[in-house]
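S.K.: Please see the structure below; I have some questions.
Here you go:
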């Protein structure tokens, strides 16, 4: 056998792997660690179930979410009486509804299934908006520093001082007021039409867009500042790497972990913002079901029919749990500084 | 540092002007006015009302007049007239001269009150709720985070972080009704709605009596509001402390034979608190706006209820006043955070 053949054979025996192992892709590496984390897998599974629930809501929900059966107002199925024994003396039993019917006789279960649509839309659009604006803004500010940083951060500071939630309430209330007669053809009219067509989601996105990216921008800037002075950046600069290359190739991979984690952990915040707005009657337009508005409706009868509050509240809490577990798992999987320490 | 603070205070003025301009512009850009009713008012009455509140003036004049009334302090020898148009938040006699500042104007919807009246009566309640919630957040959050980090990967760690995840996953509108149902309706331990503290207040907002009459109302709302923040603090404290105790200077401190307790308290804790301090600014903002939610859930007569009703009524002065006031809070909170940040980390210089 020639020297060449021996070398090839050895290489094949080693599984084609060169002796010095190539560093794995950050994301492949992180994903492998993520699926080893039990809590994160549970969270991820719940999120996937929720997505399926939201997409196939018409197939899953046994009834219409808006059909009112006045004869079945506030009915409860028999099995619920063992969970809420206080309802025994007065409850009207109807086993047609899995979780009972609400104050106008709509199926609670179907409304909860459809409610996932609103919450999940917010859960995915919210991070998209804030990551896109916040990361770009923050990294430019942090990387260039000096006067650029100063001006950019002052702008963020000004916006930061804007009480976001109050502002969203203001926007929503003005565009939705029944007393307001908005003339067709004006800008306000087209905005409120668009909002109505999106089921009232437009202003929720506007509100999140206005308030969430600033936190992201600050975080990104802080992270960039902390990495910018490290030796490997200096090394990259000495070998003549361009600003863009340093930013995307050297800085971003080192700070993306905290950003993704922060954003995943911010998702429950977006979900609860939407739920709160719907709770005070400024979120999605009725009869589109949102867990927030269901909790609000249920809270009116919490003394007599607690099931009408408890189930949507549980749905909301479980969804937020799932995203938090997932965010936690991602943090452990992605945090580059905790790498190799396990 | 002094110069930095002075600069930030000037910047506060800029913020307030920007915020007031956006809010004012938005309020007037959207169709509809404060005196729109289901059945339109006769034009003469409408004209009279608009004249009374100067709504017939050009917009720029209304805006400048508002800025003048709110921001410019006045020194006069005249004593206050006590009318609705003449109510200043700060009104003190120094020598023979009155210093009068911050006239937010009369409320349109409750005709006998000024915005300042609403601030005086409702703001202390919101402030009490916010403070209690912040205390709950710190008292629960920091110890949980520290224990979890020091006993990493033990049952203490998992337990603390489970509590933290529960806390962060349960928003006020979930926890509030559940608490009301369990402790207010089923067990009847605590009153489901209302608020206990009554004026006069210490320092403008602290209740004078810290008895059960205050706490029985305050416990549920402040836990409902503070739990989420406590979870954030716990997780951040843990993450930060874990990172810190892997640093070289901690190894050095241990190597030179320092007691473990001192290593943690003197070296690790102080440095790991820095990220925790930075979150306090946004957290304060979340708590401040969170008081609105909590007040609505628990029926607490704070600013939240008045803000929501003022918006549906198009009560311009109340809307403007509330938003400006909260903007001031947020700016000052962030300033305090920055100062503490510089104090904790001497590498940070602001000048």
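Residue numbers (the numbering used here), protein chains in the order written: chain A, 1 to 342; chain B, 1 to 351.
Every residue, glycine too, gets a C-beta built ideally from N, C-alpha and C.
Is it true that the segment 118-128 of chain A meets the segment 192-211 of chain A, where meeting means three or more beta-carbon pairs spaced less than 8 Å apart?
M.R.: yes
S.K.: Taking residue 279/A as the query, report the chain B residues whose CB atoms sit under 7 Å from its CB, ordered along the chain.
M.R.: Within the first chain, residue 279/A is the residue found at index 279, counting from 1. The contacting residues are 173.
S.K.: Strictly by DSSP, which residues pair up with residue 101/A?
M.R.: Stepping through the first chain from its first residue, residue 101/A is reached at position 101. Bridge partners of residue 101/A: 107/A.
S.K.: Suppose you measure from the CA of residue 70/B to the CA of residue 52/B; what does that come to, to the nearest Å?
M.R.: Counting from 1 along the second chain, the entry for residue 70/B is found at position 70. Counting from 1 along the second chain, the entry for residue 52/B is found at position 52. Going by the C-alpha atoms only, they are around 19 Å apart.
S.K.: Go ahead and pull the three-state DSSP assignment for residue 256/B.
M.R.: If you number the second chain from 1, residue 256/B lands on position 256. Coil, per DSSP.
S.K.: How many whole angstroms separate the CB atoms of residue 320/A and residue 272/A, which I take to be in contact at a CB cut-off of 8 Å?
M.R.: In the first chain, residue 320/A corresponds to position 320, counting from 1. In the first chain, residue 272/A corresponds to position 272, counting from 1. The Cβ separation is near 7 Å, so the contact holds.
S.K.: For residue 45/A, return the contacting residues in chain B, with the cut-off set at a CB-CB distance below 8 Å.
M.R.: What you label residue 45/A is simply residue 45 of the first chain in a count that begins at 1. By Cβ distance, chain B contributes nothing, its closest Cβ being about 16 Å from residue 45/A, past 8 Å.
S.K.: Starting from residue 207/B, follow its DSSP beta bridges and name the residues at the other end.
M.R.: On the second chain, residue 207/B is found 207 positions in, with the first residue counted as 1. Answer is 201/B.
S.K.: Take residue 43/A and list the residues in its own chain whose beta-carbon comes closer than 6 Å to its own, dropping the five residues that flank it on each side.
M.R.: Taking the first chain and counting its residues from 1, one reaches residue 43/A at position 43. Within the same chain, residue 43/A has close Cβ partners 322, 325, 326.
S.K.: Which two residues bound the contiguous alpha helix (DSSP H) that contains residue 110/B?
M.R.: Start at 1 with the first residue of the second chain, and residue 110/B comes out as number 110. Unbroken run through residue 110/B: none, as it is neither H nor E.
S.K.: From what residue to what residue does the alpha helix (DSSP H) around residue 187/B run?
M.R.: Within the second chain, the letter at position 187 stands for residue 187/B. Careful: residue 187/B lies outside any alpha helix (DSSP H) and carries neither H nor E.
S.K.: Specify the secondary structure class of residue 60/B as computed by DSSP and reduced to three states.
M.R.: The count along the second chain starts at 1 and reaches residue 60/B at position 60. Here residue 60/B sits in helix by DSSP.
S.K.: Give me the chain B residues within the contact set of residue 293/A, using Cβ-Cβ distance strictly less than 8 Å, ordered along the chain.
M.R.: For the purposes of this step, residue 293/A is taken as residue 293 along the first chain, with counting starting at 1. Ordered by position in chain B, no residue passes the 8 Å Cβ test against residue 293/A, which lies about 10 Å from the chain.
S.K.: Tell me the residue span of the alpha helix (DSSP H) that contains residue 277/A.
M.R.: Numbered from 1 along the first chain, position 277 holds the residue referred to as residue 277/A. 252-279 is the extent of the alpha helix (DSSP H) around residue 277/A.
S.K.: Can residue 172/A and residue 203/A be called in contact, C-beta distance under 8 Å?
M.R.: Along the first chain, one-based indexing puts residue 172/A at 172. Along the first chain, one-based indexing puts residue 203/A at 203. Their beta carbons are under 8 Å apart, which means residue 172/A touches residue 203/A by this criterion.
S.K.: Quick check on residue 140/B: buried or exposed, where buried means 16 or more other Cβ atoms within 10 Å of its Cβ?
M.R.: Indexing the second chain from 1 puts residue 140/B at position 140. Under this definition residue 140/B is a buried residue.
S.K.: Using a Cβ-Cβ cut-off of less than 9 Å, list which residues of the segment 326-344 of chain B approach chain A; keep chain order.
M.R.: 326, 327, 328, 329, 330, 331, 334
S.K.: Return the CA-CA distance between residue 229/B and residue 63/B, expressed in angstroms with no decimal places.
M.R.: Residue mapping note: residue 229/B aligns to position 229 of the second chain, counting from 1. Residue mapping note: residue 63/B aligns to position 63 of the second chain, counting from 1. Taking the straight line from one Cα to the other gives about 37 Å.
S.K.: Residues of chain B with CB closer than 8 Å to the CB of residue 320/A, please, in chain order.
M.R.: The sequence position of residue 320/A within the first chain is 320, counting from 1. Within 8 Å Cβ-Cβ: 168, 169, 170, 171.
S.K.: What ranges does the beta strand (DSSP E) occupy inside the segment 67-98 of chain B, keeping only unbroken runs of at least 3 residues that lie completely in it?
M.R.: 74-76, 90-94
S.K.: Check whether the Cβ atoms of residue 313/A and residue 15/B sit closer than 8 Å, and answer yes or no.
M.R.: Translated into positions along the first chain, residue 313/A becomes position 313. Translated into positions along the second chain, residue 15/B becomes position 15. No, Cβ-Cβ distance for residue 313/A and residue 15/B is not below 8 Å.
S.K.: Note down, in chain order, each residue of its chain lying with its Cβ closer than 7 Å to the Cβ of residue 156/A, except the 5 sequence neighbours on either side.
M.R.: Counted from its first residue, the first chain places residue 156/A at position 156. 214, 217, 218, listed in sequence order.
S.K.: My guess is that residue 8/B and residue 335/B are in contact by the Cβ rule of under 8 Å, so how many angstroms apart are they, rounded?
M.R.: By 1-based counting over the second chain, the position of residue 8/B is 8. By 1-based counting over the second chain, the position of residue 335/B is 335. The Cβ separation is near 5 Å, so the contact holds.
S.K.: Would you call residue 234/B buried or exposed, if buried means 16 or more other Cβ atoms sit within 10 Å of its Cβ?
M.R.: Here the question's residue 234/B lines up with position 234 in the second chain. Buried is the call here.
S.K.: Could you list which residues in chain A have their beta carbon closer than 7 Å to that of residue 282/B, in chain order?
M.R.: To locate residue 282/B, count along the second chain from 1; it is residue 282. Those are 215, listed as they occur along chain A.
S.K.: Quick one: any contact between the segment 301-309 of chain A and the segment 280-287 of chain A, if contact means 3 or more CB pairs under 8 Å?
M.R.: no
S.K.: Ignore the nearest five residues each way along the sequence and tell me which others in residue 36/B's own chain have a CB closer than 8 Å to its CB.
M.R.: Position 36 of the second chain, counted from the start, is the residue given in the question as residue 36/B. The answer, listed in chain order, is 314.
S.K.: Checking contacts by CB at 8 Å: is residue 292/B closer than that to chain A?
M.R.: In the second chain, residue 292/B corresponds to position 292, counting from 1. Yes, its Cβ sits closer than 8 Å to a Cβ of chain A.
S.K.: Specify, as a first and last residue, the run of the alpha helix (DSSP H) that residue 147/A falls within.
M.R.: Locating residue 147/A in the first chain gives position 147, where the first residue counts as 1. It spans 146-160 - the alpha helix (DSSP H) in which residue 147/A sits, taken as one unbroken run.
S.K.: For the segment 150-165 of chain A, list every residue whose C-beta sits within 8 Å of some C-beta in chain B, in sequence order.
M.R.: 154, 157, 158, 160, 161, 162, 163, 164, 165
S.K.: Which class does residue 100/B belong to by DSSP, given the choice of helix, strand or coil?
M.R.: Position 100 of the second chain holds residue 100/B. Collapsing the DSSP output to three states places residue 100/B in a strand.
S.K.: Residue 299/A versus chain B: which residues are under 7 Å apart at the beta carbon?
M.R.: Locating residue 299/A in the first chain gives position 299, where the first residue counts as 1. The answer, in chain order, is 177.
S.K.: Between residue 259/A and residue 291/A, how many whole angstroms is the CB-CB distance? I'm expecting something under 8 Å.
M.R.: In the first chain, residue 259/A corresponds to position 259, counting from 1. In the first chain, residue 291/A corresponds to position 291, counting from 1. Wrong, their Cβ atoms sit about 28 Å apart, outside the cutoff.
S.K.: Can you name the residues of chain A whose CB is closer than 8 Å to the CB of residue 307/B?
M.R.: Residue numbering aside, residue 307/B sits at position 307 when the second chain is read from its first letter. For residue 307/B, the chain A residues whose C-beta falls within less than 8 Å of its own C-beta are 166, 169, listed in chain order.
S.K.: Check the Cβ-Cβ distances between residue 276/B and every residue of chain A, and say whether any is below 8 Å.
M.R.: On the second chain, residue 276/B is found 276 positions in, with the first residue counted as 1. When Cβ-Cβ separations below 8 Å define contact, residue 276/B makes no contact with chain A.
S.K.: Consider the Cβ of residue 139/A: report whether some Cβ of chain B lies at a distance smaller than 8 Å.
M.R.: The sequence position of residue 139/A within the first chain is 139, counting from 1. Not one chain B Cβ lies under 8 Å of residue 139/A.
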